[in-house]
Ligand code: 2HG
Ligand code: ZN
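Numbering (the numbering used here), first residue to last: 23 to 482.
What follows is the structure, encoded as structure tokens:
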């Protein structure tokens, strides 16, 4: 329970209207997008400025109140909802929402960067950049809801990762409130600046456990002028890899390289999407390519000469209908599963992808109640989203262990881009050594000695 005085003080900082305690107003903040992770907090607090965040955090530090931070709540690992019931004696917790922190500064066209508040959405940042002829290098299906703070906190990858790198690579500067309420601000458009530790880089991927990101100075890029999107049906993952590998020799630049399976395409087709190509095959690879000259002609030649192509279609970018087949996977899967989907997000070295696909497809068969695996993802990055549908609650751990066993055997990672959150906290030892984890704990201890920030996330 928050003391009455703390609640009054929170109201004085952010305004009474922005301290929500009525369950009808708070319920949406306490369940994650997947419906699998639910928690509760004493209040939802919605500051508008970094100074309000600093005052809230300072108050929480004094009163021993824990803070869960939430942006668009589109995360898939339970990292943006408060913990569930932790029994008698647990410290009170508030949820700090960045929903009102949506400012986007003027674009710096010369420095090619933009400063934004943590609650600005990916789509809003990109639309603002587009008005200056530039683009935000991070893009993902949740673009209209996912926020700057969220993509930084999770070091999001997304569909442009293959071209521009992950979110960490786009962060030039950061503003964050430390666990004691001080404001850390490194805000410079310098691309060369080697003075000590890379603190913005450290906060990227820290999942709200080290500080509260309140603002970000992002790098912007020139958008590709002409792109062509192709979907090729293939029966072997090797053919998808070969197709992507053959692009460079033709002077084509890969803007995105995604993979879907027949199970996934059939499911989204049942839910109203047109199949991308007439023929069926085991896999569908979607590539978006740019380059000098006639890109469409170069892509047509590429498809003609590549081996193992069963059928293909190509369209000038942005080719939204083709992309919609891929991007509707997450929502369609959530609707189609009879139980909350077990969502795993793994990566393996590219050369191990064929083996990993075969083994992961068979995961559903090993448990007593077979589940439906639907695999898709960013094939060019070796990243497979393993979605397991209809998993009885009691089997979730067994299938997760099975998937992670396959990942380990193939030299992969248990979290490619979604982060650890609450979902994978118990498994983090599979991805990091004892020494590595002890260094991470020292950093956590140094920055958040009371352990108030995002309790239960990352470290369990
Ligand atoms: C995507 O690539 C997202 O669309 C979500 O990372 C993946 O739903 C998923 O598993
Ligand atoms: Zn993804």
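Where is the CB? At the ideal position from N, CA and C, for every residue including glycine.
Q. By Cβ distance below 6 Å, which residues in the same chain neighbour residue 407 in space, the five residues on each side in sequence not counted?
A. Locating residue 407 in the chain shown gives position 385, counting from the first residue. Short of 6 Å from the beta carbon of residue 407, and not among the five residues preceding or following it, lie these beta carbons of its own chain, in chain order: 367, 398 and 399.
Q) Do residue 444 and residue 479 come within 8 Å of each other at the CB atom, strictly closer than that value? A) Along the chain shown, one-based indexing puts residue 479 at 457. Along the chain shown, one-based indexing puts residue 444 at 422. Yes, they are a contact pair.
Q) Ends of the beta strand (DSSP E) at residue 139? A) For this step, residue 139 is matched to residue 117 along the chain shown. Looking at the DSSP string, the run of the beta strand (DSSP E) that includes residue 139 is 135-139.
Q: Could you pull out every residue in the same chain whose Cβ sits closer than 8 Å to the Cβ of residue 60, ignoring the five residues on either side in sequence?
A: The residue labelled residue 60 in the question sits at position 38 within the chain shown. 52, 53, 54, 103 and 106.
Q: Go through its chain and collect everything with a Cβ distance to residue 57's Cβ below 8 Å, but skip five positions before and after it.
A: If you number the chain shown from 1, residue 57 lands on position 35. Within the same chain, residue 57 has close Cβ partners 356 and 362.
Q: Please report the residue range of the beta strand (DSSP E) in which residue 47 lies.
A: For the purposes of this step, residue 47 is taken as the residue at position 25 of the chain shown. For residue 47, there is no enclosing beta strand (DSSP E); the residue is part of the alpha helix (DSSP H) that begins and ends at 45-48.
Q. Mind checking whether residue 312 and residue 249 have CB atoms under 8 Å apart?
A. In the chain shown, the residue the question calls residue 312 occupies position 290. In the chain shown, the residue the question calls residue 249 occupies position 227. Less than 8 Å separates the beta-carbon of residue 312 from that of residue 249.
Q. Is the CB-CB distance between residue 213 and residue 174 below 8 Å?
A. In the chain shown, counting from the first residue as 1, residue 213 sits at position 191. In the chain shown, counting from the first residue as 1, residue 174 sits at position 152. Result no, Cβ atoms of residue 213 and residue 174 do not sit closer than 8 Å.
Q | Cα-Cα separation, residue 296 to residue 280 | A | Locating residue 296 in the chain shown gives position 274, where the first residue counts as 1. Locating residue 280 in the chain shown gives position 258, where the first residue counts as 1. Between residue 296 and residue 280, the C-alpha separation is close to 18 Å.
Q: Specify the secondary structure class of residue 466 as computed by DSSP and reduced to three states.
A: Translated into the one-based positions of the chain shown, residue 466 becomes position 444. Reduced to three states, the DSSP call for residue 466 is helix.
Q. CB-CB under 7 Å to residue 382, same chain, minus the five flanking residues each way: which ones, in chain order?
A. The residue given as residue 382 occupies position 360 in the chain shown. Excluding sequence neighbours, residue 382 sits near 395, 397, 406, 408, 425 and 428.
Q: Kindly indicate which residue of 137, 83 and 128 has the alpha-carbon position closest to the one of residue 113.
A: What you label residue 113 is simply residue 91 of the chain shown in a count that begins at 1. The shortest Cα separation from residue 113 among 137, 83 and 128 belongs to 83.
Q) Quick one: is residue 23 buried, meaning 16 or more other Cβ sit within 10 Å of its Cβ, or exposed? A) Along the chain shown, one-based indexing puts residue 23 at 1. Result: exposed.
Q) Does DSSP put residue 444 in a helix, a strand or coil? A) Working through the chain shown from its first residue, we reach residue 444 at position 422. Residue state, collapsed to three classes: coil.
**Q.** First and last residue of the uninterrupted alpha helix (DSSP H) at residue 426
**A.** Here the question's residue 426 lines up with position 404 in the chain shown. Per DSSP, residue 426 belongs to the alpha helix (DSSP H) from 418-431.
Q. Quick one, are the C-beta atoms of residue 354 and residue 289 less than 8 Å apart?
A. Taking the first residue of the chain shown as position 1, residue 354 is located at position 332. Taking the first residue of the chain shown as position 1, residue 289 is located at position 267. Yes.
**Q.** Segment limits, beta strand (DSSP E) that includes residue 334
**A.** Taking the first residue of the chain shown as position 1, residue 334 is located at position 312. Counting along the chain, the unbroken beta strand (DSSP E) around residue 334 starts and ends at 331-338.
Q | Cβ contact check for the stretch 66-86 and the stretch 459-478: 3 or more pairs under 8 Å | A | yes
Q: Could you confirm whether any beta carbon from chain D is found closer than 8 Å to the beta carbon of residue 124?
A: Absent here is chain D; the protein component of the structure consists of one chain.
Q: In the DSSP assignment, find the alpha helix (DSSP H) that holds residue 258 and state where it starts and stops.
A: Sequence index remark: in the chain shown, residue 258 carries index 236 (1-based). Segment: none, residue 258 is in no alpha helix (DSSP H) and carries neither H nor E.
Q | C-beta atoms of residue 329 and residue 434 nearer than 8 Å | A | Residue numbering aside, residue 329 sits at position 307 when the chain shown is read from its first letter. Residue numbering aside, residue 434 sits at position 412 when the chain shown is read from its first letter. Taking 8 Å as the Cβ cut-off, residue 329 and residue 434 do not qualify as a contacting pair.
Q) Nearest to residue 32 by alpha carbon, out of 453, 117, 92 and 205? A) For the purposes of this step, residue 32 is taken as the residue at position 10 of the chain shown. By alpha-carbon distance to residue 32, the top candidate from 453, 117, 92 and 205 is 117.
Q) According to the Cβ coordinates, are residue 239 and residue 134 closer than 8 Å? A) Position 217 of the chain shown, counted from the start, is the residue given in the question as residue 239. Position 112 of the chain shown, counted from the start, is the residue given in the question as residue 134. Taking the C-beta atoms as reference points, residue 134 is found no nearer than 8 Å to residue 239.
Q.
So, at 6 Å on beta carbons, what are the nonlocal neighbours of residue 145 in its own chain, with the 5 sequence-adjacent residues on each side left out?
A. In the chain shown, the residue the question calls residue 145 occupies position 123. If we look at residue 145 and ignore the five residues flanking it on each side, its Cβ neighbours are 165 and 166.
Q: Give, in chain order, every unbroken run of the beta strand (DSSP E) that is at least 3 residues long and sits entirely within the stretch 44-122.
A: Counting only runs of 3 or more, we get 65-67, 88-92 and 115-119.
Q.
If contacts are defined as beta-carbon pairs under 8 Å, then residue 273 and residue 314 qualify, I think. What distance do you get, rounded to the angstrom?
A. Residue mapping note: residue 273 aligns to position 251 of the chain shown, counting from 1. Residue mapping note: residue 314 aligns to position 292 of the chain shown, counting from 1. About 6 Å; that satisfies the 8 Å criterion.
Q: Consult DSSP for residue 182 and reduce its assignment to one of helix, strand or coil.
A: If you number the chain shown from 1, residue 182 lands on position 160. Looking at residue 182 - three-state DSSP - the assignment turns out to be coil, as it is neither helix nor strand.
(Q) Under DSSP, the alpha helix (DSSP H) around residue 310 begins and ends at which residues? (A) Against the chain shown, residue 310 aligns to sequence position 288. Counting along the chain, residue 310 falls outside any alpha helix (DSSP H), though it belongs to the beta strand (DSSP E) covering 305-312.
**Q.** Anticipated Cβ contact below 8 Å, residue 29 with residue 65, distance rounded
**A.** Against the chain shown, residue 29 aligns to sequence position 7. Against the chain shown, residue 65 aligns to sequence position 43. Indeed, because the Cβ distance is near 7 Å, the residues count as touching under 8 Å.
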